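Numbering (the numbering used here), first residue to last: 106 to 481.
Cβ atoms here follow ideal geometry from the backbone N, Cα and C, with glycine treated the same way.
These numbers come from a predicted model, not from an experiment.
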Amino acid sequence: MSNVILPGSTLGMLGSGQLGRMFAIAARRMGYRVHVFSPDKDSPTGQIADQEFVADYEELDAVREFANTVSVVSFEFENVPAITSQAAGEIVPVRPGGHVLHITQNRNREKSTLNEAGIPVTPFAPVHTVADLYQAVESLKTPGVLKTAGGGYDGKGQRIVESPSDALAMWDELGRQEANYEAFIEFQGECSLVAARGVGGEFKAYPLFENEHTNHILDVTMCPARVPQQVRDDAEQIARAIFEILDVVGVLCVEFFWTKDNQLLVNELAPRPHNSGHLTVDAHLTCQFEQQVRAICGLPLGSVRQHQPAAMVNLLGDLWEGGEPDWKSLCEHQTSKLHLYGKHEARVGRKMGHVTTLENDIETARTNALIARESL
Ligand code: AMP
């Protein structure tokens, strides 16, 4: 176990949003130091980290300077430029590795890799030309969803194509970038599975999460998911296979559509902790961020045992429209836990924080989480 990175060492984080922040909280609690690198100053992660390196991701000398101060580097968003992770990787391990970033940065690469390995994915076709687009619409029919291959999140870079005659206009709206056309799935629900894999291949999955989206943004997550046991087992088996295929060391989230005939289709991968896993901070023995620390440091993974059924609701910038939300009222809800990310500016649709509510059953947890948020 000579390659274990022990508490007292310094961990490097590329990206400085809420995921990095919660990673830094978990790491510091365990006695690690944390250095963060991003273009932003006084960022959500920087407020918690020991040292904040502020430079563009393409400033490779600055990236190397940062990497020289840490024992391992991880990231909190998958759009870190390949050259950045490469530059860091010449100095210290980057976990998950650059190959995982490369695949997950592009929807076509991601879906093709999974499809070729026999993993069930949403039926899709890559779109590079107008001819590709028409062929995709003809074979997969409408309605469908046209998504930019790179850079999209929370529904950004996506258009629903209602009829074949709309397709070109929708692609024009996306700037005719490389895209991915998908069949529209009339799903029963959306689920996600967060898991971790250690340096030696040890694998641990959280119980399946059930997700509700509003305007393409995650709104509510529940654990346990209200789905048949077979679906949970399938999700874990699919996720385990994906971790092996991609040789992931670290945390990764698999987002699924749960179809009306109880099949799971992979929608997308996030090679890092995920918004749907935030409830693990309060509801599980080891949260997804501590699991990320353990996995990238070569430590044994922690137990994923759940204390109580839990529901998480996101707090978006919209809540600030009438002034500062009423935090005191929220704190009167004794089974609800408030998390704020330290962002200076509240904008519509921006994730500012979340609330997790623990109760004896999942329906009550969901109801009370929504009531707690209403009180704001
Ligand atoms: P994504 O950015 O791909 O995760 O998409 C955001 C959300 O849009 C998903 O969580 C779904 O609610 C919806 N969505 C995306 N793709 C599809 C699809 N092929 N069929 C139905 N809904 C979709």
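Contact between the segment 363-372 and the segment 123-141 is absent: fewer than 3 CB-CB pairs across the two stretches fall below 8 Å. Assigned with DSSP and collapsed to three states, D324 falls in strand. Counting every other CB atom within 10 Å of its CB across the protein chains shown gives N320 a total below 16, marking it as exposed.
At a threshold of 6 Å, F289 counts as near the ligand AMP, since its beta carbon sits closer than that to one of the ligand's heavy atoms.
Taking 7 Å as the cut-off, the beta carbon of R264 is found closer than this to the beta carbon of E278. Look at T218 here: in three-state DSSP terms it is helix.
By the Cβ-count criterion, S441 is buried, with 16 or more other Cβ atoms from all chains shown falling within 10 Å of its own Cβ.
Distances between the C-beta of V205 and the heavy atoms of the ligand AMP are all 6 Å or more.
Residue burial annotation: R399 is buried, with at least 16 other C-beta atoms found within 10 angstroms of its C-beta.
The way I'd put it, the segment 241-259 doesn't touch the segment 300-307; fewer than three beta-carbon pairs between them come closer than 8 Å.
Comparing alpha carbon positions, the residue from N465, N380, P430 and D166 closest to P414 is N465. When only Cα atoms are considered, I196 and I401 end up about 15 Å apart.
Relative to the ligand AMP, the beta carbon of G306 is positioned no closer than 6 Å to any heavy atom. Going by DSSP, E395 is part of the alpha helix (DSSP H) stretching over Q393 to C402. As for any alpha helix (DSSP H) of minimum length 4 sitting wholly inside the segment 329-377, the runs are 334-351, ordered along the chain. For the pair P112 and F308, the Cα-to-Cα distance works out to about 22 Å.
Proximity of the beta carbon of E215 to the ligand AMP is not indicated: no heavy atom of the ligand is located closer than 6 Å.
Take the alpha-carbon of D352 and the one of K433: they are about 46 Å apart. Beta-bridge partners assigned by DSSP to I265: V250.
Annotation for V178: the continuous beta strand (DSSP E) segment containing it runs V177 to F180.
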